[in-house]
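Residue numbers (my numbering): 53 to 590.
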């Protein structure tokens, strides 16, 4: 029996101890995040080289066209399915014995959306000129139609595997698919650096994924294709479409500025803008990994009617993300010019002002990671979110129209980041009320303020170091600034007492383990063969 989506959920199941399970839940959550984040870190390492190779293989105009083509593919993959696959997180736990029906509906919906989108590009290739204000991509319409179809149709695999509780499988899948994708793209860039070759490489990548998708669904949900359930489809649509609309509006906030710039400026200028809007894959990896694990956990707590535990869980997650994101933000603000030129060559130095504004999204990522799981657990409030984002889209479109009409390139990113900040803070306040967050709960977020102060102090010191080595090459400036910031930040965090005793012990244990791996063992000779956990403490 499927429980209808509501705003508050029910009472905890009879006889269930919800208090004693909290440490176990935290441990399980951490392990799952580590699985996914580690896999995506490997994927990050594999894929990070791609744009660095392409800016050196393609002219600025060609690189701009490449960014336009794959902007379209990424937008189609993230927005057009309306987040329907995410309904798996809600319905799979509630449809014991009937999960094949949930999966079939997701697969059918993605195939329908993929087919309609690909058909539109085949029948109306001039849509590309309408979207980008230039005919240069129209000749690639047929290749892009097939690519978009395959990308949208196969995008369900990772989501369903995580929703099905197979985080380890999802982690291995991520590494394998990114490895294949990176090799194909680098091969295309090396052998025949052109838009045609890159589109062909991406198409081949998704063609290879298609049989993997079918194998996984058939092996985990036997005969899923024979379990049609249209009432369940309606229930999934009722759950997913409001959330999908909100997600579509949120993604529009992040992508719409690029389309305005692409229509107004030539491809070479768009390449400068695209490099300035470079999103660190590392942030995407961490945020997506945390979200994939937080969504089912928060949904379970909502089902058990434990809003207080949700607040504590979100506070712990935000604290951990802040410990990583705040120093990264400070470091890139100080050494961003050198970061851009080292990665993308001197040809893209003009991207620095755009990149500096775009960096504001890093701390905002913390709020995004906190809000999304709660929104999916409380779908009754999605209609409010949609109204908020419709209003913000109107503000965004108006602002982008004004700044691009005046050919103010930097203004486009300023408008986008400003609207994104308003969105995150507005949604955070709304969800705080949903979870009945009080002033007393703010103490849970106290360490976040300490981490911000530590990162700010470290940034000031790093800026001073940057001035001292300003005459050196950009790589030396980048390394010196980052090293100074890291040293001051770690010392400041320790002085402010942010780390708990358990965290300090874990860091020490991992540090010693790392030293042993490189041949340095600081333990007493008599203890070297004794596992640390087996020692008796006085």
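We treat Cβ as the ideally placed atom computed from N, Cα and C, and that holds for glycine.
Boundaries of the alpha helix (DSSP H) in which residue i is found, first to last residue
| i | result |
| --- | --- |
| residue 439 | 434-457 |
| residue 118 | 112-131 |
| residue 283 | 282-316 |
| residue 261 | 247-272 |
| residue 468 | 461-486 |
| residue 490 | Where residue 490 is concerned, there is no enclosing alpha helix (DSSP H), given that its DSSP letter is neither H nor E. |
| residue 207 | Unbroken run through residue 207: none, as it is neither H nor E. |
| residue 499 | 498-520 |
| residue 142 | 139-143 |
| residue 186 | Unbroken run through residue 186: none, as it is neither H nor E. |
| residue 153 | 151-175 |
| residue 221 | 219-243 |
| residue 322 | 319-328 |
| residue 539 | 526-547 |
| residue 101 | 101-109 |
Which listed residue (the options) has its alpha carbon closest to that of residue i
| i | options | result |
| --- | --- | --- |
| residue 116 | 103, 127, 128 | 103 |
| residue 275 | 149, 472, 181, 505 | 149 |
| residue 120 | 431, 157, 146, 186 | 186 |
| residue 144 | 214, 525, 327, 266 | 214 |
| residue 407 | 252, 398, 392, 431 | 392 |
| residue 130 | 457, 436, 307, 413 | 307 |
| residue 230 | 293, 540, 256, 378 | 256 |
| residue 478 | 491, 438, 504, 161 | 438 |
| residue 216 | 253, 178, 146 | 146 |
| residue 386 | 537, 317, 154, 335 | 537 |
| residue 426 | 354, 471, 497, 461 | 354 |
| residue 291 | 312, 241, 435 | 435 |
| residue 356 | 430, 480, 161 | 430 |
| residue 288 | 533, 140, 111, 504 | 140 |
| residue 358 | 487, 395, 254 | 487 |
| residue 235 | 332, 254, 283, 413 | 254 |
| residue 378 | 128, 505, 471 | 505 |
| residue 336 | 286, 304, 413, 263 | 413 |
| residue 108 | 399, 311, 128, 218 | 399 |
| residue 343 | 239, 210, 284, 258 | 210 |
| residue 191 | 111, 158, 173 | 173 |
Requested in this report: Write down every uninterrupted run of the alpha helix (DSSP H) in the region 351-417 whose length is 4 residues or greater and which is fully enclosed by it, in chain order.
Outcome: Segments of the alpha helix (DSSP H) lying fully in the region 351-417: 359-396, 404-410.
Query raised in the report: For the 8 Å Cβ check, are there 3 or more pairs between the region 458-467 and the region 514-522?
Result: no
Query raised in the report: How do the region 411-430 and the region 367-375 stand: do at least 3 beta-carbon pairs fall below 8 Å, yes or no?
Result: yes
**Report entry** Contact the region 357-368 vs the region 435-451: 3+ CB pairs below 8 Å
**Finding:** no
Query raised in the report: Does the region 160-168 come within contact of the region 119-136, defined as at least 3 CB pairs closer than 8 Å?
Result: yes
Query raised in the report: Are there three or more Cβ pairs, one per stretch, closer than 8 Å when the region 376-391 is compared with the region 176-186?
Result: no
Query raised in the report: Counting Cβ pairs, one atom from each stretch, are 3 or more of them under 8 Å apart for the region 498-511 and the region 540-555?
Result: yes
Requested in this report: Spell out a yes or no on whether the region 198-216 and the region 317-329 are touching, meaning 3 or more CB-CB pairs, one atom from each, closer than 8 Å.
Outcome: no
Requested in this report: Inspect the CB distances between the region 297-317 and the region 169-178 and report whether three or more fall short of 8 Å.
Outcome: no
Query raised in the report: Is the region 311-320 touching the region 487-500 in the sense that three or more CB pairs, one from each, lie closer than 8 Å?
Result: no
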